[in-house]
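Using numbering that gives the first Met the number 0, you'd call the opening residue of the sequence shown number 0 and step up by one each time. A virtual CB, placed ideally from N, CA and C, is assigned to each residue, including glycine. Scroll down for the structure; my scribbles are underneath it.
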Amino acid sequence: MSILIKNGRILTATDDFIGDILIEGEKVTRIGQNLRAKADEKIDASGMLVFPGGIDPHVHLDMPFMGTSSSDDYSTGTLSAMHGGTTMVIDFILQTQGKSLGDALKTWKKKSSRKAFGDYSYHMAVTDFNEKTKKEIAGLIKKEGITSFKTFMAYKGALMIDDGQMVDLMQEVKRHGGMVTVHATNGDMIDKLIAKHKSEGKLSPLYHYLSQPEVTEAEASARFADMAHYTGVKSYIVHMTCEGALNAIREATKRNQKVHVETCIQYLTLDASLYEKDFEGAKWVMSPPLREPKDQATLWAGINQGLVQVVATDHCPFMWEQKLMGEKDFSKIPNGHPAIEHRVELLFSEGVAKGKISHNKFVEVSSTNAAKIFGMFPQKGTIALGSDADIIIFDPNEKHTISAKTHHMNVDYSAYEGWEVTGKTKKVIMRGKLAIDDGKVKIRKGYGKQVKRKPFSKI
Ligand code: URP
Ligand code: ZN
Ligand code: ZN
0 MSILIKNGRI LTATDDFIGD ILIEGEKVTR IGQNLRAKAD EKIDASGMLV FPGGIDPHVH
60 LDMPFMGTSS SDDYSTGTLS AMHGGTTMVI DFILQTQGKS LGDALKTWKK KSSRKAFGDY
120 SYHMAVTDFN EKTKKEIAGL IKKEGITSFK TFMAYKGALM IDDGQMVDLM QEVKRHGGMV
180 TVHATNGDMI DKLIAKHKSE GKLSPLYHYL SQPEVTEAEA SARFADMAHY TGVKSYIVHM
240 TCEGALNAIR EATKRNQKVH VETCIQYLTL DASLYEKDFE GAKWVMSPPL REPKDQATLW
300 AGINQGLVQV VATDHCPFMW EQKLMGEKDF SKIPNGHPAI EHRVELLFSE GVAKGKISHN
360 KFVEVSSTNA AKIFGMFPQK GTIALGSDAD IIIFDPNEKH TISAKTHHMN VDYSAYEGWE
420 VTGKTKKVIM RGKLAIDDGK VKIRKGYGKQ VKRKPFSKI
């Protein structure tokens, strides 16, 4: 099977030119201008942008959490991602405290097997680090291609590890060439504030926000950076939301430290005023919570300064029925919101179309940097000779409106209902196959494959 894409505006993290791309099998085999080649299929991309498939390195598919499970599985999650221009996700395997990492991996292999439309990889969330689980780290990196280990500094009693475990884990992961990632918030402080608000009868979603003030994230980000500096492990902070936290990382650069930073599309586009909508605010109950306009400005600036390298989603959708679990108590609202489908289009619309970021930066933070940071570049994250042909053909001018009535995610509301977006994913090529053609699905469930990643010492 071969495809020739003609006359598109080809964008990578560094290139921007009108040209043609030849795809043979699963790979890009030629790039140039006025390419003459025989192909099974020709696509005229005149007037379109052509860029590498989006990579969302922070999603939670079919994940048991807060007494329920996220409502998108590998099938609906990766397919809705693809409709919006994301061809690969990295999902979190969640260790159950008291059980092994291997058990958790088995469970996630069952969840993903023969289900995904797009490609996927795993992070391992270590929620119980001890002498037994320590012995599993090397094998996960070397045999399973799972090189990133997620930690939680919050959700005590279910997911949180303490600082002693964190340092121990960092040392072990570093020894084998992996990376430690973190949900950086001060769990003890948050738990205290939740208890205080509840004791005062303050039970609406607004108090979810007021229980996680900026300082809880800023403090934990600085502490995590300190521990990473001490151990020398490769480090990454997920879903950063605020000025205080980014300044902690800015500060760490002064001692020549590199801490990778991810933010999510919602922290760039939505703010905490949504928590004033009574219980409807539950749609945006996530951790950390949405912040203030000044934090959005910091994050956009952080992207342009290169301090924030990735824009993900932390996609963790729940049906409205599930959100109602917390109708009388904000601390029981399952944390998370749906965004996997609209990340690329929202980033283009709010970022590029509104002049906040360049076209190259858009590709960098939606795809290329995730591939580089997580050890998949140049197989993923770019359009280059020999790269996987995961390619988006995108109309930069088409306007459309986001709605739960038309989205593909398995969730009965949209966090962006009624938003008008400029720019639309028209065609998606997934490892050499036309996968989405003007909204129509052309590949079968199960086409998506696990991408095993190399230890960082070997890259
Ligand atoms: O609210 C969130 N973020 N839910 C998913 C779990 C996590 O903390 O990433
Ligand atoms: Zn988190
Ligand atoms: Zn998450």
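Near ligand 3, meaning a beta-carbon closer than 7 angstroms to one of its heavy atoms, we find H57, H59, F91, H182, V237, H238, D313 and C315. With a minimum length of 3 residues, the unbroken runs of beta strand (DSSP E) contained wholly in the stretch 193 to 279 fall at 233 to 236 and 258 to 263.
Take I189, set aside five residues on each side of it, and the residues of its chain with a beta-carbon closer than 7 angstroms to its own are A153, S210, Q211 and T215, in chain order. Distance from the CA of K114 to the CA of H122, rounded to the nearest whole angstrom, comes to 18 angstroms. DSSP places I17 in the uninterrupted beta strand (DSSP E) bounded by D15 to E23.
Around the CB of L245, 16 or more other CB atoms lie within 10 Å, so the residue is classed as buried. Proximity of the beta carbon of F317 to ligand 2 is not indicated: no heavy atom of the ligand is located closer than 8 angstroms. Taken from the Cβ of M285, at least one heavy atom of ligand 1 lies inside 8 angstroms. Around I17, the same chain offers N6, G7, R8, I9 and Q32 as residues with beta carbons nearer than 8 angstroms, after the five sequence neighbours per side are excluded.
Shown here, V343 sits in a helix according to DSSP, grouped into three states.
The stretch 72 to 80 makes no contact with the stretch 349 to 362, as fewer than three CB pairs between them are under 8 angstroms. Cα atoms of K141 and H399: separation of roughly 45 angstroms, rounded to the nearest angstrom. Annotation: G84 is outside any alpha helix (DSSP H) and is labelled neither H nor E by DSSP. Within the stretch 23 to 49, the beta strand (DSSP E) runs of at least 3 residues that lie entirely inside it are, in chain order, 26 to 31 and 40 to 43. In the structure shown, Q96 falls within a coil segment according to DSSP collapsed to helix, strand and coil.
For K109 and S69, the gap between their C-alpha atoms comes out near 16 angstroms. In this structure, the CA atom of T252 is about 26 angstroms from the CA atom of I54.
Excluding sequence positions up to five before and after G445, its CB lies within less than 6 angstroms of the CB of R113, all in the same chain and listed in chain order. In the assembly as shown, E143 is a buried residue. Its beta-carbon has 16 or more other beta-carbons within 10 Å. A straight line joining the alpha-carbon of F278 with that of G200 spans about 15 angstroms. For K426, there is no enclosing alpha helix (DSSP H); the enclosing beta strand (DSSP E) covers residues E419 to M429.
Look at M65 here: in three-state DSSP terms it is coil, with no helix or strand label. DSSP places M169 inside the alpha helix (DSSP H), whose first and last residues are D162 to R174.
When DSSP states are grouped into helix, strand and coil, T381 belongs to the coil group. The closest CA to that of H207, considering only P287, L433, K451 and A296, is found on P287.
Only residues of its own chain outside the window of five on either side were considered, and among them L60, D61, K110, K114 and N409 have a CB closer than 8 angstroms to the CB of D72, listed in chain order. For the options M87, A12, D167 and I89, the alpha carbon positioned closest to that of T126 is the one of D167. For the pair K425 and I392, the CB atoms are nearer than the 9 angstroms cut-off.
DSSP places F376 in the coil class of the three-state scheme, outside both helix and strand. The closest heavy atom of ligand 2 lies 8 angstroms or more from the beta carbon of F148. In this structure, the straight-line span from the alpha carbon of V307 to that of E261 is close to 6 angstroms.
Pairing V420 with I435 gives a Cβ-Cβ distance that is not under 9 angstroms. Between A44 and L3, the beta carbon gap of about 10 angstroms keeps them out of contact (Cβ cut-off 8 angstroms). DSSP, reduced to helix, strand and coil, places V440 within a strand of the structure shown. Contact check for H259 against P454 fails: the beta carbons are separated by 9 angstroms or more.
Not one heavy atom of ligand 1 sits closer than 8 angstroms to the Cβ of Y446.
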